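S.K.:
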Amino acid sequence: MNKFNIRKLLDGLTAASSSSSSGSNAANAAQPGTPRENDLVPETLQSEHFQLCKTVRHGFPNQPASMAFDPVQKILAVGTQTGALRLFGGAGVECYCQHESGAAVIQLQFLINEGALVTALADDSLHMWNLRQKIPAVLHSLKFNRERITYCHLPFQSKWLYIGTERGNIHIVNVESFTLSGYVIMWNKAIELSSKTHPGPVVHISDNPMDEGKLLIGFECGVVVLWDLKCKKADYRYSYDEAIHSVAWHHEGKQFTCSHSDGTLTTWNVRAPVKPLQIITPHGKQPKDGKKPEPCRPILKVEYKTTRAGDPFMVLSGGLSYETVGRRRACLTVMHGKSTTVLEMDTPIVDFLTLCETPYPNDFQEPYAVVVLLEKDLVVIDLGQIGYPAFENPYPFTVHESPVTCCEYFADCPAELIPALYSVGQRQKRQGYSKKEWPVSGGNWGQGAQSYPEIIITGHADGSIKFWDASALMLQVLYKLKTAKVFERARGKEEKANADIVDEDPFAIQTLSWCPESRLLCVAGVSAHVLVYRFSKQEVTTDEVQLLEVRMQGDFSECVVDSPEPVGDQSPPLPPASPQQENQEPPQPLTANNSTDRDNIACLQVRSSPLKQSAGYQVELVVQLVWVNGEPPQPITSLAINSSYGLVVFGNSSGLTVVDFLQKTVLLNLGTSEVYSPCESRQPHSPRKTRQPSAALCDSNDGSNASEERCKSPTSDGKDMSFSRSRSSSVTSIDRESREAISAFAFCESFARRGEASLGPCLLVGTTQGGVMTLALSLPPGPDQRLEQAVGAASCGTISQLKGGVMTMALLDASGSLLPPAYEPWCDPNASDEEKERIKKRRPASPPGSVEGQDSQFLVLCSEKQAKVLALPSQTRLYKHSITEASFVLRADVVTMGGANCIMCFCANGHIMALSLPSLRPLLDVNYLPLTDMRIARTFCFSNLGQALYLTSPTEVQRITYSLETCDNLQEMLSELFTPVETPEAPNRGFFKGLFGGGAQSLDREDLFGETAAGKASRTLAQHIPGQASMEGMKGAASGVVGDLARARIALDERGQKLSELEDRTAAMMASADSFSKHAHDMMLKYKDKKWYQL
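The sequence shown runs 1 to 1095 under our numbering.
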């Protein structure tokens, strides 16, 4: 047995006094055992191995507000109401950025094929983002001080950005330097001088596709102005008596179409401003007497796209008649030729974009798809197929299909798991999608060294469970399980009011336990039901679902609040066996009815008809808690399953129940106070399995008309039933009076009692008041006797007492390696007997039994307040660490990283901490994320190899890493947004158009908007905020293939030019030499025979 010496004690006192995680010096001084050179187990993890950073964000952008598309790079950008920027390319290519101000992103403008993006925010600021790096950064910012930004327009291949404001003025920004031009279009010069009213904000800006010198300006009041940029005057003014929402040009620049607030579309001829060429109401009834059509809802946006070989497309959102608004959801209308197609959407439309083959506005657009941004989804419609089918979305946008109620993360899973789940999930895919490839296909997938399989499991409010492939920083749904299929659905109010304990979402997932090796899945729901699933590759039909109904009637326990630590490691005093119940209430909002006519009634009714179960997870057993004396069953707070033992255990504030899912019997049903007391081994008993209660118990119709108080589901705000505070100094007086609940389980091969010499199957039990108890399990000697002989279980009393509720428990061997629970390898339950015989049960190798006087295991305990490490079987406390005093731990997991183990904790004050094992040295303490809502507490989870995640919004999953190695390799693992792509050639003007000037007219904007011609803008109008680099620096420092090719091409051109010049100079020198030689020869001949005096 290991004893502390005085040196270790002094070392522990010294280290504890410097611990930043402890609440006070006095508390630290009581902590023994920070490891030194004479530690029991050498530890390899050090503080320098840890670093916290975000990796990637998955899911649909929460509260989307705007959208843009780069038609050359094939990149889609989405801005949100909270200032987030999400960028998407091909499958696996996604990026998340955040504006510091958090203001809504009202508009986005790509610098097409330039690797840059301009964002306009609701706080009247503009930002230039550099997309040529894996983590985009802001290059420039411009903050307007006196005017509100309402609309932006950036012409293709132009560096001048038009900014419309709420005052009706238009300013021009140079996107290279992000400075304002002195050229300003004032509203009073744009509208008629005779107009006495302000035209309202600018709602549209665009240049004429065939003449860049003509700018079309739309004001909210219904006035449209065609502005001549060179002459600085209005050429034409178009007026309509309804407000304008959007404007769309015909590609020839001779006509444009406006959408209005009364549901009409007006088409104007550029040279005929007196009246519209055409007025139509797409969804309004056309009266026969020639009167004006009935008003409809506003058409929020219209796009007019032409095709070379057929009729143009007109796509619009809104415009439904007021009569059909209540009956129809949000709609997108596609008008093509004489046909009008209305496509209903599930949620309101935020924005839409028509994708075209060419980026040039003066050419036939040839539209091929429409991207529709909804409040809760992104839909892409194929315009090239009959019926306009949708493309299959490759992004993980179905995370929020039903609200997420729980989440688990498994890194380094068995390699065969993902292919197995994918194969059964493929059969669930919906049909009817477009056969074409997803059109948003830009970017390149990251090529990192992280190659281990990762799986995320999410439980949802509708009872569904989704398995996700999270390998290599991507997220893809593998398989979806619907647990609600096991139950009958209530059809009438009387039937629904019979025994339900929640207003809505009665099938919501509360917690789950999954064994990756055996593929066993156990699920607990809010209606106090537990489901056991096995994985099979074959489809079966279950004639009758196996059902166990359990009556848990736990007594109320008096809470011991702020009780002092027991001296040494003595067992804490047991709670009273007969506590008072009169003035105590359960902590959860499940309130009992005063009437006692509801007894032995389950909250849900299991399906009585045969159940067809597809390949995948198939239900094997249903366990339901029943009403007891008019009181509904308490929510299940903890759950665990073990495939090797064939047992599942669950607990709540009433106690715990151990179920043998192989023999379909209840092995143990104990109240919380009974778990504290050692007892003899108990034999299992079988509760009734009938679906209808017998007459001797109760009549199922007795309580159908009784009233009851109901609780909210886990998806309700502020009523999270899966989260509870501990019985500590920080809890409220209401919590002090609540009953003690079971908070954690751990199956293990260990020493059930103090001083035992042999290992055996055990179950560790933790409670919300910090108690840790052991149950000894006795299994039949062989697999043949397992289904015939009963499994024994005995409570062995208390091992330790901690402050706060127990969060997690784990075992280490003598070398400090994690001892996983025993498990059975997966075998298809529907396979042949011969195949089952070939698969042998295996359990992880355990250390031999304890030698007398020595300990061979470490028991790791972590609660909401502190962590402890005990030596087994002596149950001696080796180490103790106070995690937090002012806050409490929300999630704690024992994880493996870098070949060693540690405890990871997430506290309610936002701190993420790491403690070494077994010495509990603080390795990491970072103030990362304060608890802002219950969603984070419900979904935060750690996994092995330095990975963690949480639900950062109702629709988005944020993944983080606490590993320095992963942080260092993050750049390689992230995807690239910008790729080298040649810009398409401009459309051919044609011989006659070029001869007679009918083609597109270009404009030298530099001459108009530059400082020389337009002067400087007012300094008080906007403030320039420089970013990391200028546009020139971005282009010059581009480290990708484009920059390398450009530099190589320039160097090659310069070398060729120099060689050409050298060749010319050499030829000239040769000619000069020949000429000199000839002249020298002639001179020699001329003066050859003459005397010197004849010269």
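Just so it is clear, CB atoms sit at the ideal spot from N, CA and C, and this is done for glycine as well. Everything numeric in this text was worked out from a predicted model, so none of it was measured.
Within the same chain, show all residues whose beta-carbon is closer than 6 Å to that of Cys796, passing over the 5 residues directly before and after it, in chain order.
M.R.: Here residue 796 is taken as the residue at index 796 of the sequence shown, counted from 1. Answer for Cys796: Pro678, Ala752, Arg753, Thr774 and Ala776, listed in chain order.
S.K.: Short check: CB of Thr307 to CB of Phe364, under 8 Å?
M.R.: Locating residue 307 in the sequence shown gives position 307, where the first residue counts as 1. Locating residue 364 in the sequence shown gives position 364, where the first residue counts as 1. Cβ atoms of Thr307 and Phe364: closer than 8 Å.
S.K.: What is the residue span of the alpha helix (DSSP H) that Ser423 lies within?
M.R.: The sequence position of residue 423 within the sequence shown is 423, counting from 1. From DSSP, the alpha helix (DSSP H) with Ser423 extends over Leu417 to Gln426.
S.K.: If you run the structure through DSSP and keep just helix, strand and coil, what is Lys159?
M.R.: The residue given as residue 159 occupies position 159 in the sequence shown. Reduced to three states, the DSSP call for Lys159 is coil.
S.K.: Do Tyr533 and Glu620 have their CB atoms nearer than 8 Å?
M.R.: Along the sequence shown, one-based indexing puts residue 533 at 533. Along the sequence shown, one-based indexing puts residue 620 at 620. A contact, by the Cβ cut-off of 8 Å.
S.K.: If you compare alpha carbons, which of Pro635, Asn145 and Gly792 is closest to His1024?
M.R.: For the purposes of this step, residue 1024 is taken as the residue at position 1024 of the sequence shown. Checked all of Pro635, Asn145 and Gly792; the closest Cα to His1024 is Asn145.
S.K.: Cα separation between Ile1098 and Pro635?
M.R.: Outside the shown range of the chain (1 to 1095) lies residue 1098, about which nothing can therefore be said.
S.K.: Could you check the C-alpha separation between Ala508 and Ser339 for me, to the nearest Å?
M.R.: Residue numbering aside, residue 508 sits at position 508 when the sequence shown is read from its first letter. Residue numbering aside, residue 339 sits at position 339 when the sequence shown is read from its first letter. So the two alpha carbons sit approximately 44 Å from each other.
S.K.: Run through the region 871-940 for me and flag every whole alpha helix (DSSP H) of 4 or more residues, listed as ranges in chain order.
M.R.: The qualifying runs are 934-939.
S.K.: Apart from the five residues just before and just after Thr281, which ones in its own chain have a Cβ nearer than 7 Å to its Cβ?
M.R.: The residue you call residue 281 lines up with position 281 of the sequence shown. Excluding sequence neighbours, Thr281 sits near Gly263, Thr264, Pro293 and Cys296.
S.K.: Leaving out five residues before and five after His153 in sequence, what residues of the same chain have Cβ atoms less than 7 Å from its Cβ?
M.R.: For the purposes of this step, residue 153 is taken as residue 153 along the sequence shown, with counting starting at 1. The residues are Tyr162, Ile205 and Ser206.
S.K.: Within a Cβ cutoff of 8 Å, which residues of the same chain sit near Ser321, ignoring the five residues on either side of it in sequence?
M.R.: For the purposes of this step, residue 321 is identified with residue 321 of the sequence shown, where counting begins at 1. Closer than 8 Å at Cβ, skipping near neighbours: Gly263, His283, Gly284, Lys285, Glu294, Cys296 and Arg297.
S.K.: For Lys159 and Leu373, I'd like the C-alpha separation in whole angstroms.
M.R.: Counting from one through the sequence shown, the residue named residue 159 turns up at place 159. Counting from one through the sequence shown, the residue named residue 373 turns up at place 373. Approximately 28 Å, taken between the alpha carbons.
S.K.: Do three or more CB pairs link the region 510-519 to the region 447-465 at distances below 8 Å?
M.R.: Flag = yes, the region 510-519 and the region 447-465 touch.
S.K.: In the DSSP assignment, what are the bridge partners of Ser259?
M.R.: On the sequence shown, residue 259 is found 259 positions in, with the first residue counted as 1. According to DSSP, Ser259 bridges with Ser246 and Leu265.
S.K.: Tell whether a beta-carbon distance below 8 Å holds between Ser800 and Lys865.
M.R.: Residue numbering aside, residue 800 sits at position 800 when the sequence shown is read from its first letter. Residue numbering aside, residue 865 sits at position 865 when the sequence shown is read from its first letter. No, they are not a contact pair.
S.K.: On the DSSP letters alone, give me the boundaries of the beta strand (DSSP E) that Ala77 sits inside.
M.R.: The residue labelled residue 77 in the question sits at position 77 within the sequence shown. Where Ala77 is concerned, the enclosing beta strand (DSSP E) stretches over Ile75 to Thr80.
S.K.: Enumerate in chain order the residues of its own chain whose CB-to-CB distance from Pro394 is below 6 Å, with the five nearest sequence positions on each side excluded.
M.R.: Sequence index remark: in the sequence shown, residue 394 carries index 394 (1-based). Contacts found: Ala91 and Trp438.
S.K.: Does DSSP put Ser22 in a helix, in a strand, or in coil?
M.R.: Taking the first residue of the sequence shown as 1, we reach residue 22 at position 22. For Ser22, the pLDDT reaches just 38, beneath the cut-off of 50, and the residue's location in the model is therefore unreliable, leaving the point undetermined.
S.K.: For the putative contact between Ile601 and Val622, defined by C-beta atoms under 8 Å, what is the C-beta separation to the nearest angstrom?
M.R.: Taking the first residue of the sequence shown as 1, we reach residue 601 at position 601. Taking the first residue of the sequence shown as 1, we reach residue 622 at position 622. Not quite, the Cβ-Cβ distance comes to about 15 Å (not below 8 Å), so this is no contact.
S.K.: Taking the alpha carbon of Ala1017 as the reference point, which residue from Ile172, Ala116, Thr955 and Phe88 has its own alpha carbon closest?
M.R.: For this step, residue 1017 is matched to residue 1017 along the sequence shown. The shortest C-alpha separation from Ala1017 is found at Ile172.
S.K.: Going by other Cβ atoms of all chains shown within 10 Å of its Cβ, with 16 needed for buried, is Arg86 buried or exposed?
M.R.: Counting from 1 along the sequence shown, the entry for residue 86 is found at position 86. Label assigned to Arg86: buried.
S.K.: Measure the alpha-carbon distance for Ala490 versus Ser609 and round it to whole angstroms.
M.R.: On the sequence shown, position 490 is the one that residue 490 refers to. On the sequence shown, position 609 is the one that residue 609 refers to. So the alpha carbons of these two residues sit roughly 15 Å apart.
S.K.: Mark Lys435 as exposed unless 16 or more other C-beta atoms lie within 10 angstroms of its C-beta, in which case mark it buried.
M.R.: To locate residue 435, count along the sequence shown from 1; it is residue 435. It counts as exposed.
S.K.: Could you give the uninterrupted runs of the beta strand (DSSP E) lying entirely in the region 104-180, keeping only those of 3 residues or more?
M.R.: Within the region 104-180, the complete beta strand (DSSP E) runs of at least 3 residues are 105-111, 116-121, 125-130, 137-144, 149-153, 160-165 and 170-174.
S.K.: Do you know how far the Cα of Val666 is from the Cα of Gly630?
M.R.: Residue mapping note: residue 630 aligns to position 630 of the sequence shown, counting from 1. Residue mapping note: residue 666 aligns to position 666 of the sequence shown, counting from 1. For Gly630 and Val666, the distance between alpha carbons rounds to 23 Å.
S.K.: Quick one: residues in its chain with C-beta nearer than 6 Å to the C-beta of Ala746, no 5 flanking neighbours on either side, listed in chain order?
M.R.: Counted from its first residue, the sequence shown places residue 746 at position 746. Correct list, in chain order: Leu764 and Met809.
S.K.: Pairs of beta-carbons, one from the region 894-911 and one from the region 780-798, closer than 8 Å: are there three or more?
M.R.: Counting Cβ pairs under 8 Å, fewer than three are found: no touch.
S.K.: Taking only three categories from DSSP, how would you classify Val981?
M.R.: Sequence index remark: in the sequence shown, residue 981 carries index 981 (1-based). In this structure, Val981 counts as coil in the three-state DSSP scheme.
S.K.: Who does Asn444 pair with in a DSSP beta bridge?
M.R.: Reading the sequence shown from its first residue, position 444 is the one you call residue 444. For Asn444, which the question treats as bridged, DSSP gives the partners Glu976.
S.K.: What first and last residue would you give for the alpha helix (DSSP H) that runs through Thr1012?
M.R.: Numbered from its first residue, the sequence shown carries residue 1012 at position 1012. Note, Thr1012: alpha helix (DSSP H), Glu1011 to Ala1014.
S.K.: The beta strand (DSSP E) with Ala948 in it runs from where to where?
M.R.: The residue given as residue 948 occupies position 948 in the sequence shown. Run containing Ala948: Gln947 to Ser953, per the beta strand (DSSP E) assignment.
S.K.: Within 10 angstroms of its Cβ, does Gly222 collect 16 or more other Cβ (buried), or is it exposed?
M.R.: As a position in the sequence shown, residue 222 is number 222, starting the count at 1. So Gly222 ends up on the buried side.
S.K.: Evaluate contact between the region 349-358 and the region 398-413, counting only Cβ atoms and requiring at least three cross-stretch pairs below 8 Å.
M.R.: Segments in contact, no.
S.K.: In angstroms, rounded to a whole number, what distance separates the CA positions of Cys862 and Tyr368?
M.R.: Position 862 of the sequence shown, counted from the start, is the residue given in the question as residue 862. Position 368 of the sequence shown, counted from the start, is the residue given in the question as residue 368. Roughly 57 Å between the two C-alpha positions.
S.K.: What residues are listed by DSSP as bridge partners for Glu94?
M.R.: As a working note, residue 94 is residue 94 in the sequence shown. Answer is Phe88.
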